[in-house]
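2 protein chains.
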Amino acid sequence: MATGKGQLPTMHPVTGFKLGIASAGIKTPGRKDLVVMEIAEGSTVAGLFTQNAFCAAPVTIAKAHLASTTPKYLLVNTGNANAGTGEQGLSDALQSCDVLAAITSVKKDQILPFSTGVIGELMPMDRLLKGLPIAAAALSQEGWADAAAAILTTDTRAKGASLQYGKGSKITMTGITKGSGMIKPNMATMLGFVATDAAVDAELLHRALRLANEKSFNRITVDSDTSTNDAVILVATGASGIIINEESFDQFVAELKTVFIDLAQAIIRDGEGASKFVSVVVEGAVDTDEALAVAYTIAESPLVKTALGASDPNWGRILAAIGRAGLTNLDVNEVQLYLNSVLIAENGARAASYTEGAGQTAMQPEDIEIRVSLNRGQATETVWTTDLTYDYVRINAEYRT
Amino acid sequence: MATGKGQLPTMHPVTGFKLGIASAGIKTPGRKDLVVMEIAEGSTVAGLFTQNAFCAAPVTIAKAHLASTTPKYLLVNTGNANAGTGEQGLSDALQSCDVLAAITSVKKDQILPFSTGVIGELMPMDRLLKGLPIAAAALSQEGWADAAAAILTTDTRAKGASLQYGKGSKITMTGITKGSGMIKPNMATMLGFVATDAAVDAELLHRALRLANEKSFNRITVDSDTSTNDAVILVATGASGIIINEESFDQFVAELKTVFIDLAQAIIRDGEGASKFVSVVVEGAVDTDEALAVAYTIAESPLVKTALGASDPNWGRILAAIGRAGLTNLDVNEVQLYLNSVLIAENGARAASYTEGAGQTAMQPEDIEIRVSLNRGQATETVWTTDLTYDYVRINAEYRT
């Protein structure tokens, strides 16, 4: 299942950024599973990676390479996460960089590797390596849609976002992402690759990435499980000739956020087993931490999520989640709870104006907003999540088999 | 579903403690749903209550009454939690104390009320009050099994534990509990009532309760949802004439822990949709907090829980959970992971000796132990949990309807 329309939008090419794919048969013969991305000379690159201590081998290598030089190629495979693979995994990830470096005549530390798929299996290196020249030969600025398909795992649809802004000369921003389960990114998502033809120096680019990521990939959860392989990469090729400086930075970040939020929401719309797209908005909190604590406690409550799947306005479970979020001196009589625009609860109880019929009606749409007003401060945060359905259990009971 | 045998053991009566039940029709006509318990003069009573800020009206009243006097009666209903009911809920809980106080000729603050069931509905007071004289008239030292049945909600079986210890004159301890979903007690369980005929002064009794509770009800999770109504009550009637002092305290607590752990594990064995009983043991941790952080992150991971339900030794998901538990400077190469006695992973990867066949075999039993050695300290903790199955989703999508 999945929610929303789910077609890829028009994917504007980004001059200076090419993508090529291959079917290496890493897990499933014949499926697109390997992507090489080429970054033009003079580009800047910023990246954020999972905080999981058991981070995958390619994450370790990609972080080290990004710290030492400006990357020229990104190498992505699906079907195998190369995580929980110890020394052999590190050696395999390095070897894939070595081989692609030889094919493309760059240094191996100019290549960042990324993997997604099953954890704990060794990478079938022979198959992966055979795919590299094929993917490299297919490099094209038009490769976004193919690449979006080639990085998926349990996802049911490709995920992309793209926009152009500016008067006269325009800046283009285009990105793809993947992810459906094991989704609670902590500084990054499963995998996300975004390129722009703006010219942005490395320090500004990293700031922009952090700002956009914080309000997008760091605001989603399917199942509270942070992956071992999360990474998001932002490339600025500069090909548009438009330079981003402190003056134009805010608009650049605003546009970038639009792309990032589109991508992050696409993951939630395709969340494993999802039949609802749920926005949890917490307002009137003392600070961001408090708003997020309440929002995530609601968004990750199995009882709230099963009620959402049943379209049951079981607001008692939402109150119970708010109550256990660990807030200091929470006055429950000040809390107001809305489902979409319907006031459900206030003064510690069902609202006088509330009817079960209104609650039932509010729960019918595919898109649901749960809004909590704590009425004790000025901070507001939004987290996006899914419901919990039979299909989530089926998918995760069957995956690997 | 549920795991293990599930019959009530022999429930030894506790002299000085009586239980009486009635069918008040609070939610379902005809079912046993009301319990009155009588505490003999001279007893001591200790209690622990939910930390949920949205605690139910009866929790608020019970805490206040317990602080002001020694209780003479406990009043428990199932079918309606009287939570999320605001001022009316408090007034209803007080009225139920008033009426029982009149029937039994005690003061209303000598009565502790407890409720469990659906959140957010007003209590049907007429039906509850009509049941009170019936339950009071049925008071008997033999009432444990009936009471164990009358406090259940989505539970599929009654839960009790009972033992006697000592040479010559014996001390008896008997208790009942309920709970199946919304289970992650924070200082208490859904509801637990334990009585002993030992003579224990109030301060010692409270210490004993805290110690036993910490290693039992505070070590279980079905779905990470802390209820609004959790409470556990320990009564010492003194009828055995055996006085517990500092010297005999440790043995008393050890025996009490046995009863409490039996009760807490019974909740997990009857966890909503449970097909596995899972012990998560974390050893070699720096301290208790760290051991519990890892244990709960594993025990509450939807991905680990669905794999357990599928009997799939998907150890990569367990490593991923350990990795996101927030430990400082975790050296993943030091971590060892066992399923029952099978070493699954070490040095950040699958163990050399491990075979998929051995993993599959280890996952077949109903009782599974996941053991993690962090190898960086001396602390060990155990948490008990269930798997996540279709039936959990079904039960919680259907409950309320």
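Chain order of the listed sequences is A and B. Using our numbering, read the first sequence as starting at 13 and increasing by one per residue. Using our numbering, read the second sequence as starting at 13 and increasing by one per residue. Note that beta-carbon positions come from the ideal geometry of N, C-alpha and C, so glycine has one too.
Partner residues on chain A for residue i, Cβ-Cβ distance less than 7 Å
i: residue 327 of chain B; result: 132
CB contact flag (residue i, residue j, <8 Å)
i: residue 345 of chain B; j: residue 359 of chain B; result: yes
i: residue 233 of chain A; j: residue 64 of chain A; result: no
i: residue 158 of chain B; j: residue 191 of chain B; result: no
i: residue 231 of chain A; j: residue 276 of chain A; result: yes
i: residue 312 of chain A; j: residue 407 of chain A; result: no
i: residue 209 of chain A; j: residue 252 of chain A; result: yes
i: residue 238 of chain B; j: residue 196 of chain B; result: yes
i: residue 271 of chain A; j: residue 175 of chain A; result: yes
i: residue 205 of chain A; j: residue 49 of chain A; result: yes
i: residue 256 of chain B; j: residue 211 of chain B; result: yes
i: residue 268 of chain B; j: residue 393 of chain B; result: no
i: residue 26 of chain B; j: residue 186 of chain B; result: yes
i: residue 96 of chain B; j: residue 361 of chain A; result: yes
Listed by chain order, chain A residues near residue i by CB distance under 8 Å
i: residue 373 of chain B; result: Result: empty, since nearest Cβ-Cβ is about 16 Å, beyond 8 Å.
i: residue 315 of chain B; result: 193, 194, 235, 237 and 408
Simplified DSSP assignment, three categories, for residue i
i: residue 154 of chain B; result: coil
i: residue 190 of chain B; result: strand
i: residue 366 of chain A; result: coil
i: residue 275 of chain B; result: helix
i: residue 137 of chain A; result: helix
i: residue 1 of chain B; result: It is not possible to answer for residue 1 of chain B, since the shown part of chain B is limited to 13 through 413.
i: residue 124 of chain A; result: strand
i: residue 392 of chain A; result: strand
i: residue 215 of chain A; result: helix
i: residue 383 of chain A; result: strand
i: residue 321 of chain B; result: helix
i: residue 413 of chain A; result: At residue 413 of chain A, the pLDDT of 45 sits below 50, so the modelled position is not reliable; the number obtained from the coordinates is stated separately. Looking at residue 413 of chain A - three-state DSSP - the assignment turns out to be coil, as it is neither helix nor strand.
i: residue 295 of chain B; result: strand
i: residue 330 of chain B; result: helix
i: residue 284 of chain A; result: coil
i: residue 8 of chain B; result: It is not possible to answer for residue 8 of chain B, since the shown part of chain B is limited to 13 through 413.
i: residue 352 of chain B; result: coil
i: residue 68 of chain B; result: coil
i: residue 103 of chain B; result: helix
Neighbour list for residue i in chain B, Cβ cutoff strictly below 8 Å
i: residue 344 of chain A; result: 65 and 66
i: residue 28 of chain A; result: Here the premise fails: no neighbours, minimum Cβ distance about 35 Å.
i: residue 339 of chain A; result: 65
Given residue i as reference, the closest of the options once Cα atoms are compared
i: residue 324 of chain B; options: B:401, B:174, B:96 and B:361; result: B:401
i: residue 124 of chain A; options: A:147, A:132, A:155 and A:84; result: A:84
i: residue 136 of chain B; options: B:31, B:305, B:108 and B:149; result: B:108
i: residue 214 of chain B; options: B:98, B:122 and B:82; result: B:82
i: residue 36 of chain B; options: B:50, B:305, B:140 and B:113; result: B:140
i: residue 336 of chain B; options: A:243, A:288, A:120 and A:66; result: A:66
i: residue 131 of chain A; options: A:24, A:91, A:370 and A:160; result: A:91
i: residue 55 of chain B; options: B:410, B:22, B:245 and B:309; result: B:245
i: residue 330 of chain A; options: A:148, A:310, A:227 and A:339; result: A:310
i: residue 17 of chain B; options: B:169, B:225 and B:339; result: B:169
Euclidean distance between Cα positions of residue i and residue j
i: residue 354 of chain B; j: residue 320 of chain A; result: 39 Å
i: residue 177 of chain B; j: residue 32 of chain B; result: 26 Å
i: residue 368 of chain B; j: residue 146 of chain A; result: 33 Å
i: residue 349 of chain B; j: residue 398 of chain B; result: 19 Å
i: residue 114 of chain A; j: residue 143 of chain A; result: 14 Å
i: residue 315 of chain B; j: residue 194 of chain A; result: 7 Å
i: residue 128 of chain A; j: residue 247 of chain A; result: 20 Å
i: residue 373 of chain B; j: residue 356 of chain B; result: 12 Å
i: residue 250 of chain A; j: residue 384 of chain A; result: 43 Å
i: residue 78 of chain A; j: residue 376 of chain B; result: 44 Å
i: residue 110 of chain A; j: residue 171 of chain A; result: 30 Å
i: residue 58 of chain B; j: residue 326 of chain A; result: 33 Å
i: residue 318 of chain B; j: residue 286 of chain B; result: 11 Å
i: residue 259 of chain B; j: residue 179 of chain B; result: 16 Å
i: residue 120 of chain A; j: residue 410 of chain B; result: 56 Å
i: residue 413 of chain B; j: residue 38 of chain B; result: Since pLDDT at residue 413 of chain B reaches only 45, below the 50 mark, its modelled position is unreliable, and the value read off the structure follows with that caveat. Whole-angstrom Cα-Cα distance: 15 Å.
i: residue 273 of chain A; j: residue 173 of chain A; result: 9 Å
i: residue 332 of chain A; j: residue 62 of chain B; result: 11 Å
Listed by chain order, chain B residues near residue i by CB distance under 7 Å
i: residue 98 of chain A; result: 359, 360 and 361
i: residue 318 of chain A; result: 405, 408 and 409
i: residue 401 of chain A; result: 405
Chain A residues whose Cβ lies nearer than 9 Å to that of residue i
i: residue 240 of chain B; result: 328, 331, 332, 335 and 336
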